[in-house]
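According to this note's numbering, the sequence shown holds residues 1 to 111 in order.
Every residue gets a Cβ at the ideal spot worked out from N, C-alpha and C, and that includes glycine.
Input: a single structure, listed below in structure tokens.
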Amino acid sequence: MAEETETEWKESLKSKEAFQDFIRTYFASHKEMKGHYDDSYYFEDYDIHLDSRDGLVVTLTTGSYGGQGMPIKDTEHISIEDFRQLLLNKRFASKGVSLANAFHMAADLIA
Numbered sequence: 001m002a003e004e005t006e007t008e009w010k011e012s013l014k015s016k017e018a019f020q021d022f023i024r025t026y027f028a029s030h031k032e033m034k035g036h037y038d039d040s041y042y043f044e045d046y047d048i049h050l051d052s053r054d055g056l057v058v059t060l061t062t063g064s065y066g067g068q069g070m071p072i073k074d075t076e077h078i079s080i081e082d083f084r085q086l087l088l089n090k091r092f093a094s095k096g097v098s099l100a101n102a103f104h105m106a107a108d109l110i111a
């Protein structure tokens, strides 16, 4: 992710309107953000995209390699403002977290 984007998302958190503009612009050019985590025992896949009502759709699939039969998939809808508030409350921006990692951690909390 470009350094400019990393700075922009943190600055945009200061304003509801600025964050909505940032999210709309980001997903207009990227369509979705996907991520994956795997530690050979446990895995997570997440996918976040805008829905038709300008909210976010967060899909998180989790599973383990040690006995769990089927992965668990959960899809949640969240407003852009609720997502902004989550990021602010968890102080992801002040912790030096990248946008991709903030999305991943938020997906864990939402779904």
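With distances taken between CA atoms, Glu17 lies nearest to Gln85 out of His49, Gly67, Gln85, Asn89.
Of the residues assessed, Ala28 falls on the exposed side of the cut-off, its CB having fewer than 16 other CB atoms within 10 angstroms. Between Tyr41 and Gly66 a beta carbon distance of about 6 Å is seen, short of the 8 Å cut, so the two are scored as contacting.
In this model, Ser52 and Ser64 are separated by some 33 Å (Cα to Cα). Counting only the Cα atoms, Pro71 lies some 29 Å from Tyr26. In this structure, DSSP gives Glu44 an extended state, which the three-state scheme calls strand.
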